[in-house]
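A quick write-up on the structure given underneath.
Residue numbers (this note's numbering): 16 to 173.
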């Protein structure tokens with residue numbers, strides 16, 4: 016509950032609206048829960064361009080919860096030793112990927128739990144495409160594509 020309140024406050028803070036700020040927030044969260052589980056976190060991003068792309072409050076909030084859910088699921092179920100979070104600007108969209116080297120699963124055999132369902136609903140809420148790829152014994156990769164508009168770009172480079 017405390018972390019959810021902290022995430023809500025963070026999501027409405029206009030000082031930390033960039034994709035870069037989001038990446039750092041995810042990194043802080045991941046390292047906090049992965050270190051006790053002896054899981055390594057790797058963040059790969061184009062630092063420069065991501066600092067100049069702002070995210071609306073609703074998008075920021077949904078993205079942080081999507082990525083936290085994906086990381087939590089990996090810790091709980093995958094048995095992975097490594098989680099990688101990649102962010103790349105590709106034309107008019109952001110490509111986010113979270114992958115692990117865990118046991119994987121068959122997406123068609125998922126229980127009626129809320130994790131994957133919530134991830135898909137949140138992605139739909141922000142008009143993003145989501146793809147969950149997993150193969151037993153090969154790990155899991157979640158790809159989210161968020162389309163940006165010129166309104167998201169920061170032109171004041173102060």
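Note that beta-carbon positions come from the ideal geometry of N, C-alpha and C, so glycine has one too. Remember, it's a predicted structure, so these values are computed and weren't measured experimentally.
The beta carbon of residue 85 sits closer than 8 Å to those of 113, 134 and 157, all from its chain and outside the five residues before and after it, given in chain order. Contact check for residue 45 and residue 98: beta-carbon distance about 7 Å, within the 8 Å limit, so the pair qualifies. In the same chain as residue 155, and ignoring 5 residues on each side of it, the C-beta atoms closer than 6 Å to its own belong to 115, 119 and 149, in chain order. Following the DSSP letters along the chain, one finds residue 48 inside the alpha helix (DSSP H) bounded by residues 34 to 49. 110 is the residue among 101, 110 and 64 whose C-alpha sits nearest the C-alpha of residue 161. Going by C-alpha positions, residue 145 is about 15 Å away from residue 83.
Taking the CA atoms as reference points, residue 101 sits about 25 Å from residue 123.
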